[in-house]
Amino acid sequence: MDYQFKDIEQKWQQFWAENQTFKADNNSAKPKYYVLDMFPYPSGAGLHVGHPLGYIASDIFARYKRLRGFNVLHPMGYDSFGLPAEQYAIQTGQHPAITTETNIATYRRQLDQIGFSFDWSREVRTSSPDFYKWTQWIFMQLFNSWYNKTADKAESIDKLVAYFEKNGSSGINAVCDEDIKTFTAAEWKAMSNNDQQEELLKYRLTYLRESTVNWCAALGTVLANDEVKDGFSERGGYPVEQKKMMQWSMRITAYAERLLQGLDTIDWPEPLKEMQRNWIGKSVGASVKFPIEASPKSSPKERTSNETGNNSLSPGEGLGEAIEVFTTRVDTIFGVTFLVLAPEHELVPSLTTPEQKATVDAYIAQSKKKSELDRMADTKTVSGAFTGSYVVNPVNNERVPLYIADYVLAGYGTGAVMAVPSGDQRDYLFAKHFDLPIIPIIDIQKIETEADPTKEGTYINSDFMNGLNYKDGTAKVIEFLEGKGAGKAKVNFRMRDAIFGRQRYWGEPVPVYFKDNLPHLIDEKDLPLLLPEIDKYLPTETGEPPLGRATGWNYKPHPNPPREGGLKEHVGAYRETADPVYYEQLKEFSRDNRKQPTEAENILWQLLRNNQTGFKIRRQHAIDQFIADFVSLEKGLVIELDGHHHKLNKEADDLRTEILNHLGFDVIRFSNDEVLKSPEKVADIIKQNLISLPERKKVSPTGGDLEGAAFEYELSTMPGWAGSSFYWYRYMDPKNDKEFASKKAIAYWKDVDLYIGGSEHATGHLLYSRFWNKFLKDMNLVVEEEPFKKLINQGMIQGRSNFVYRLIDDEGRGTNTFVSHGLIKQYKTYELHVDVNIVENDILDINKFKQWRDDFKDAEFILENGKYVCGVEIEKMSKSKFNVVNPDDLIAKYGADTLRMYEMFLGPLEQSKPWNTNGIEGVFKFLRKFWKLFHDEQFNFRVSEDAPTKAELKSLHKIIRKVEEDVDRFSFNTSVSSFMIAVNELTDLKCNKRAILQDLVIVLSSYAPHICEELWVLLGKEAGTLSYAAYPKFNPEYLVEDEFAYPISINGKMKMNLNISLSLDPPAIESTVIANADVQKYLDGKSPKKVIVVKGRIVNIVV
RNA sequence: GCUCGGGUGGUGGAACUGGUAGACACGCAGGACUUAAAAUCCUGUUCGCCUUAAAGCGAGUGCGGGUUCGAUUCCCGCCCCGAGUACCA
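When we follow the working numbering, the leftmost residue of the first sequence carries the number -7, and every step to the right adds one.
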């Protein structure tokens, strides 16, 4: 039979699935090899031909490693939390879990038909509770840890507490917030528990703090720095503004240095490492304090210079009395002629003199108005304002005027710079603009037209530094500043702590509840904290995140220590945690209220009492800080009756409803009039409501009885990168419900040996993953410092768009006539994207075009040479450009083996390139040719048992070695070419010998697994054994030649080839060559000056 | 601006540590088979010149220079394309 790829591929895909051929074993004597792909977000659009590129490469590699005797872990899963499913949910009301499920099914189908050797028994999904349980668990470990700089690792927060108890805060060397308190051991012990918790939060590796965040109103969420590009959201391109919000953050900055150093130990593409280095942004310099001149309100003129000296504060006296700057050129400090603060700097208001207030306020207002983008685009215009205040230069006690300007960024360093106009171009321009002095401080500096940042030469105008060079000068000035307490050497990082909350629904809930406004972890036993159901995927009316809509979603802390005894246990739990005095008061109010019901209340009560609705209803019942008119605790329904005055009170009522919602109650309201008019109708509505409501899930403890206040959960969810920051460990032991992966599994698989994915994750996923990995290492939960030893970025596959050209008539309207690309210069036309699937080799299929869209039904064409030629452009592959090529179509036409090989054949894996289907025929022909080697003219399987010839063995062993070399350096495209060469050679040799073909099947099987499995069985082997066959051993003897056709060049120009025995030495070769008649002809009587002979390579004659 | 990639036929691309530039494939042209088409097979295909032909000559890896017997490969300067990043003090 001819090559029937459809049957063959289906058959083997089914076989692999049924026999779990690629299931990896956690117990194996074989060496391990972990090949990982960046798992996809399952989007609604499905896969296009760009997606599988990396998967094919990693699959070839994984299959190859199996042949080489490795125990290969090659899993796949889905990063299935994320925005698109949620946006879709907002538009359609479809639950994101359903959308996600559907999309995953499509992905799975598409992946399966490409024939990947994934171990599907290990599939993970970040959105499934048994996965995100561990995301939450790791979050808890981070919360329970702090970073000990002395030990240079994360440690348990208990250790910090123990230290505080013993030594107070002195001597602690931690990565923490800036506003930490200093206290003694006794003071610590005297603190209330809440105060202690508040202080500890400043040390925890994940913490809650008011931070400036990137707020994207359109998406309704904050975004991480890496999710913002040029002031717009990376997803969707919506504007992003800076906003202060209470936010969860991860103290990734604790790991800045280790993240930087680790880059030198891993085999990653240099550009990617460079991106991470830039992102971390380490700069070595010094921090210097410039004391603020006393009494900024008095006019500077009133003081003498003598006073200035006296008034200068001794540095380091405390915050607010000096301005701290960070500089990488502390050696230029004698050139400081002004200081500049960011307009947002917190000291600006207090340092602005009354005379300057109007100017400063105007400037701040103006710079606030400028969008982030304007601010970046407009780097030429100099702008700023004088505050009226002065600071003192600590090295020479000179008065230095203090300005604000938006070229200083609040977010970097201290938000303040010491300006040295002679050395910094921005400072130079600023000084020119405001007519400030420019002092040269290095002898060779040239500052007539611009700043000169040179480090060469020696210092001038620099007092004690005069005459010194850069290195000595820097050391000297730091020594001076340290002696005076005015500064010290400092390393600064650009990287900020990562914001860890999103005001979104479709993400991991944060396992935290609030008590007295302080966050507390839920009990580990209560993991996973499930994502609750909500009615709409939108923020609440009060602007809370969508989780605020969840009813009955509250945390009940476990009594501590646990006690037996039903209700009383819960009462006790509440009493420990809530304000008992207030609650008692509330209960009294309730009792009073019950005695004095309004008319409406009374009428309704008669219809609700004694389970008349089928449910127990209480009246005037205290819940949290409120008293509900009526309530069913069982169903969580609060019924409120509003008098007229309530209308005036709408805001307070809404708030109350909101809080009750948080506590798990639905609220329905009736007016007194409604009840008085038809009480039965109201009672019936209440009954219907009760029936339709589900049971309240969480029964919350309160005082008097079981119901009432419980603790609110955190309402943000985790960001998209949470689950992907450890998922590679979960694959090692995906079903484990005791640990995220067992110690044993981690000890065996250790880390990822090869990781393939796109470079778009450079500063997001790949940085966060390294951070979590280092943390897990510190906690002794994993064994390697770096998670991904070797990483390869596959290039982007761009789309190749085709265009047709529509003729424009005299009135400028589009006609229904289309002009071929070669002729468009002679006509007035405009271009239209045309579906690339109805274009072949840039020739439009006119019939398909007419069917493509209704309005083209009667299209006419102006052709060239009888054909309609389309225009071409390289663009991003996207639906709207009609240039998406779907792998399904190609598989249907050519099969998966052809697609796999063609994607590799396209060019080097790491290079970006446009997709072009033009060459795919060649690969398909190759596979048919390969198939034919095993078959006779009538397609009967026929393999000879004869001994192979030397030429056949040579072809085989060439390819054996080539594939070894190519796979090792991830050069898959060159292997494909070599396979073609091998098959061409064997076809020419008419080789159908088992001794050759059987090995060839093994070698090719990682690239084209289906056809090889089929031939393997035809060769009489057991089905399924090919994947674990031994890769043929390369024997160099088969490649040894007796002769070599030496290229003979004269003065470096190749003239001819000469067959010479390889046994000859260079001198013998030389004489053979010179003696040759043809060579003599070229020499034309001249005698050679010099002859270079490289054995087995070349002969070059110089004349 | 800075950092990192990359410029090779009509196209995708190959060429190991400096040693026959253009492998392999697409496309194109011509031919065979066929009533015809598809499929398949064969031949040619860097450019220019010369030639009936065989053959020959010259140029050529973005541009200009250098090192070398010999450079797509190494060095210097420049141009262009792509990616990342940006008042980072």
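Every residue, glycine too, gets a C-beta built ideally from N, C-alpha and C.
On a predicted model such as this, the values are computed, not experimentally measured, just so you know.
Let me know the secondary structure DSSP gives residue i once reduced to three states.
i, result
"V1086", "strand"
"M267", "helix"
"Q5", "helix"
"S137", "strand"
"G1077", "coil"
"D448", "Sequence inspection shows Glu at residue 448; the Asp mentioned does not correspond to that position. Reduced to three states, the DSSP call for E448 is coil."
"Q358", "helix"
"S375", "coil"
"I1093", "strand"
Taking the beta strand (DSSP E) that residue i falls in, what are its first and last residues?
i, result
"N1043", "Note, N1043: premise wrong, no beta strand (DSSP E); not H, not E."
"S203", "198 to 208"
"K24", "24 to 29"
"Y747", "744 to 749"
"H425", "It is not in any beta strand (DSSP E) - H425 instead sits in the alpha helix (DSSP H) that spans 417 to 426."
"W240", "233 to 242"
"T142", "Premise fails: T142 is in no beta strand (DSSP E) and is neither H nor E."
"L331", "330 to 333"
"E944", "Note, E944: premise wrong, no beta strand (DSSP E); alpha helix (DSSP H) at 942 to 960."
Span of the alpha helix (DSSP H) holding residue i?
i, result
"D150", "149 to 159"
"P341", "340 to 343"
"I1003", "1001 to 1010"
"L252", "248 to 254"
"N484", "Counting along the chain, N484 falls outside any alpha helix (DSSP H), though it belongs to the beta strand (DSSP E) covering 479 to 485."
"L215", "Premise fails: L215 lies in the beta strand (DSSP E), 213 to 215, not in any alpha helix (DSSP H)."
"L192", "185 to 192"
"I439", "Neither: I439 is in no alpha helix (DSSP H) and is coded neither H nor E."
So residue i and residue j are supposed to be a Cβ contact under 8 angstroms. How far apart are they, rounded?
i, j, result
"M487", "A702", "Between A702 and M487 the Cβ distance is about 38 angstroms, and since that is not below 8 angstroms, they are no contact."
"S109", "S717", "The Cβ separation is near 26 angstroms, so there is no contact."
"V1085", "I1061", "5 angstroms"
"I854", "L815", "6 angstroms"
Taking buried to mean at least 16 other C-beta atoms within 10 Å of its own C-beta, is residue i buried or exposed?
i, result
"I1042", "buried"
"K1081", "exposed"
"G493", "buried"
"K528", "exposed"
"F897", "buried"
"M710", "buried"
"P1058", "exposed"
"F933", "exposed"
"S947", "buried"
"I805", "The displayed chain sequence assigns Arg, not Ile, to residue 805. Looking at its Cβ environment, which holds fewer than 16 other Cβ atoms inside 10 Å, R805 is exposed."
"K(-2)", "exposed"
"V392", "buried"
"H425", "exposed"
"G756", "buried"
To the nearest angstrom, how far is the alpha carbon of residue i from that of residue j?
i, j, result
"L542", "L652", "Looking at the sequence itself, residue 542 is Ala, so the reference to Leu does not match. When rounded, the distance between both Cα atoms is 11 angstroms."
"G887", "E1", "7 angstroms"
"I1090", "P940", "31 angstroms"
"K1078", "A943", "41 angstroms"
"P67", "D419", "54 angstroms"
"Q437", "P386", "24 angstroms"
"K868", "R100", "24 angstroms"
"I514", "Y124", "15 angstroms"
"L682", "K730", "39 angstroms"
"D71", "I284", "52 angstroms"
"W260", "L134", "27 angstroms"
"K1103", "W1008", "Since the first residue shown for the chain is -7 and the last is 1095, residue 1103 is missing from the structure and cannot be characterised."
"V935", "F971", "20 angstroms"
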